[in-house]
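Everything on this sheet refers to the single structure shown next.
In my numbering, the protein residues as written are 68 to 623.
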């Protein structure tokens, strides 16, 4: 993972980081000034000029106070910039996750997406300010200290420079072990996150089948994997920085030994020796910082590679530019349509089908016959491998996705609801405000008004995550009300009444028939109730049409 890619992902606030960089450089200058002051104070004391020490000490205090003020401002700016970058990156990750085709999400667990959105985004977003940016003042301090050492005693400075390759080789040797560990840790964390998210959603099933013990075991195994990899990373980190620091200290002692000889021979005076010793100490801190950052680079690389893979995924194709040129009638035509989900046999094969505007067509057939796949393709959640689909003689691939989906409403068997109020969920289908009367009319048509008005706070009642406080039939009625409020020209009911009892199903169909008669309706069902209101029955099996369609409205 290259730095340019990190910067592209994190979108750093340049002005803030520029200000923080100036503060860091000023702080580094203050750091480099203090050893020189120490040397001057030492020289004055040894020369017996104690009365001249006080002004230097006051100057030293001013420099130290200035450095503290600079560090406080710099810490605030870098911290704020880090949070800004992490927030921006989380936003970009969520935007890309939302833009990817549904098929991409179906091939992964929700935990993998959540790991990208949380830990990976935060790690990459904070890396620049927490690890990368501080390298600049560390580098300034290192090279500044080295230059001043070179000015004071060239031989000692060259010995210090000769030790640098040893430190670099040590960092690379130890840090190389972190990269595969970081990748494994990221994968292990995503698996843990995914299992936790899955089990929380499956709690009713876990309790009903008394699977608590086995699920605890699965979670304990995933948790132990995360802990084991974390401990291995900590072990390498615990060796890396201290080991390099110890080597730097050994090098410092070597420089002290050489410097003491130079003092004895008169090449250095005691004040210069003190300054030289403090500058040598300054060299050890950047070396330790470089070792720490090198380890963080290996950890961040895994997260960055996962994010790079995410951003390299092609978003949902929306190359259409057209809108419907006239009010939508709702005529649908499938022309020799075939489609296979990745890695699976064809779900639909050479389907040709005409549905007239305003017609109600029932698609029947066994599970896996391709009924829901046709609805999937009509909504352009995926594009056919072969063939074309038209609405009012317009190829749906030429339409903007928003334009298409505004006119095609899907009510699926598995109801998806917000953790909000009843009103929030019904209004989710439309943009902006909507008159209260229309909300109530949609609920009444869907047969939901009676139970909604019986709730403690009516339409303002919170229904919980995925409508957990409602029954299955109540959730389906709310989903039906939502799509009726959207008022599309084409309505797809994919087993949408499967959780209603026969009486409730009949009541819904009777109440909705007047509204649906002016629309094109595709009923995907196994149950006989909805078939009674269909104009035509089409039987699918094995991804193909086995019965071209009985005109049910005219049959006996």
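Each residue gets a CB set at the ideal place from its N, CA and C atoms; glycine is no exception.
How many whole angstroms separate the CB atoms of residue i and residue j, which I take to be in contact at a CB cut-off of 8 Å?
{"i": "residue 153", "j": "residue 192", "result": "3 Å"}
{"i": "residue 108", "j": "residue 120", "result": "6 Å"}
{"i": "residue 561", "j": "residue 445", "result": "Going by Cβ atoms, the distance from residue 561 to residue 445 rounds to 11 Å, so no, they are not a contact pair."}
{"i": "residue 196", "j": "residue 149", "result": "4 Å"}
{"i": "residue 611", "j": "residue 418", "result": "7 Å"}
{"i": "residue 188", "j": "residue 157", "result": "5 Å"}
{"i": "residue 207", "j": "residue 92", "result": "6 Å"}
{"i": "residue 151", "j": "residue 80", "result": "5 Å"}
{"i": "residue 198", "j": "residue 360", "result": "5 Å"}
{"i": "residue 591", "j": "residue 420", "result": "Contact doesn't hold; Cβ gap of about 13 Å is too wide."}
{"i": "residue 403", "j": "residue 454", "result": "4 Å"}
{"i": "residue 356", "j": "residue 201", "result": "7 Å"}
{"i": "residue 300", "j": "residue 252", "result": "6 Å"}
{"i": "residue 377", "j": "residue 160", "result": "7 Å"}
Exposed or buried, which one is residue i when buried takes at least 16 other CB atoms within 10 Å?
{"i": "residue 179", "result": "buried"}
{"i": "residue 274", "result": "exposed"}
{"i": "residue 535", "result": "exposed"}
{"i": "residue 538", "result": "exposed"}
{"i": "residue 381", "result": "exposed"}
{"i": "residue 327", "result": "exposed"}
{"i": "residue 512", "result": "buried"}
{"i": "residue 190", "result": "buried"}
{"i": "residue 393", "result": "exposed"}
{"i": "residue 621", "result": "Residue placement at residue 621 cannot be trusted, given a pLDDT of 46 that sits under 50; what the coordinates show is reported in the next sentence. Answer is exposed; the Cβ neighbour count stays below 16."}
{"i": "residue 409", "result": "exposed"}
{"i": "residue 267", "result": "exposed"}
{"i": "residue 144", "result": "buried"}
{"i": "residue 503", "result": "exposed"}
{"i": "residue 626", "result": "Nothing in the structure corresponds to residue 626, since the chain is present only between 68 and 623."}
{"i": "residue 432", "result": "buried"}
{"i": "residue 531", "result": "exposed"}
{"i": "residue 306", "result": "exposed"}
Within a Cβ cutoff of 8 Å, which residues of the same chain sit near residue i, ignoring the five residues on either side of it in sequence?
{"i": "residue 94", "result": "134, 137, 138, 141, 204"}
{"i": "residue 630", "result": "Residue 630 is absent from the model: the chain starts at 68 and stops at 623."}
{"i": "residue 501", "result": "494, 552"}
{"i": "residue 623", "result": "Interpretation of residue 623 is limited by its pLDDT of 38, a score under 50 that renders its predicted location unreliable; the figure taken from the coordinates is listed afterwards. Around residue 623: no qualifying Cβ."}
{"i": "residue 522", "result": "489, 528"}
{"i": "residue 460", "result": "398, 400"}
{"i": "residue 497", "result": "552, 553"}
{"i": "residue 209", "result": "349, 350, 353, 354"}
{"i": "residue 505", "result": "552"}
{"i": "residue 335", "result": "219, 220, 326, 329, 343"}
{"i": "residue 474", "result": "391, 395, 397, 458, 555, 556, 557"}
Going by beta carbon distance, what residues of the same chain come within less than 6 Å of residue i, once the five residues before and after it are set aside?
{"i": "residue 533", "result": "484"}
{"i": "residue 212", "result": "346, 349, 350"}
{"i": "residue 588", "result": "427, 558"}
{"i": "residue 194", "result": "367"}
{"i": "residue 247", "result": "none"}
{"i": "residue 492", "result": "484, 485, 545"}
{"i": "residue 113", "result": "337"}
{"i": "residue 100", "result": "130"}
{"i": "residue 482", "result": "542, 543, 546"}
Excluding sequence positions up to five away, which residues of its chain have a Cβ less than 7 Å from the Cβ of residue i?
{"i": "residue 51", "result": "Shown here, the chain extends from 68 to 623; a query on residue 51 therefore has no answer."}
{"i": "residue 613", "result": "606, 607"}
{"i": "residue 103", "result": "342"}
{"i": "residue 224", "result": "213, 216, 217"}
{"i": "residue 570", "result": "none"}
{"i": "residue 416", "result": "405, 610, 611"}
{"i": "residue 126", "result": "104"}
{"i": "residue 322", "result": "223, 226, 227, 347"}
{"i": "residue 256", "result": "182, 186, 293"}
{"i": "residue 236", "result": "none"}
{"i": "residue 86", "result": "144"}
Could you check if residue i belongs to the surroundings of the ligand COA, using beta carbon to heavy atom distance under 7 Å?
{"i": "residue 370", "result": "For the structure depicted, the ligand COA is absent and the ligand set is empty, with no information on it obtainable."}
Please confirm if the stretch 456-469 is in contact with the stretch 505-523, defined as three or more CB-CB distances below 8 Å between the two stretches.
no
May I have a chain-ordered list of the alpha helix (DSSP H) segments no shorter than 4 residues that lie completely inside the stretch 243-304?
Correct list: 245-268, 270-275.
Please confirm if the stretch 439-455 is in contact with the stretch 543-554, defined as three or more CB-CB distances below 8 Å between the two stretches.
no
Runs of beta strand (DSSP E) wholly within the stretch 389-473 (minimum 3 residues, chain order):
399-407, 413-422, 427-431, 453-458
Are the stretch 331-345 and the stretch 203-221 touching by the rule of at least three beta carbon pairs closer than 8 Å?
The stretch 331-345 makes contact with the stretch 203-221, as at least three CB pairs between them are under 8 Å.
Check whether the stretch 260-271 and the stretch 285-292 touch, using three or more Cβ-Cβ pairs below 8 Å as the test.
yes
At 4 residues or longer, and completely inside the stretch 100-146: list those alpha helix (DSSP H) runs for me, N to C.
none
Ignoring anything shorter than 4 residues or poking outside the stretch 501-540, list the alpha helix (DSSP H) runs there in chain order.
503-512, 516-521
Taking only runs of the alpha helix (DSSP H) that begin and end inside the stretch 321-390, which ones reach a length of at least 4 residues, in chain order?
Whole alpha helix (DSSP H) segments, 4+ residues: 337-379.
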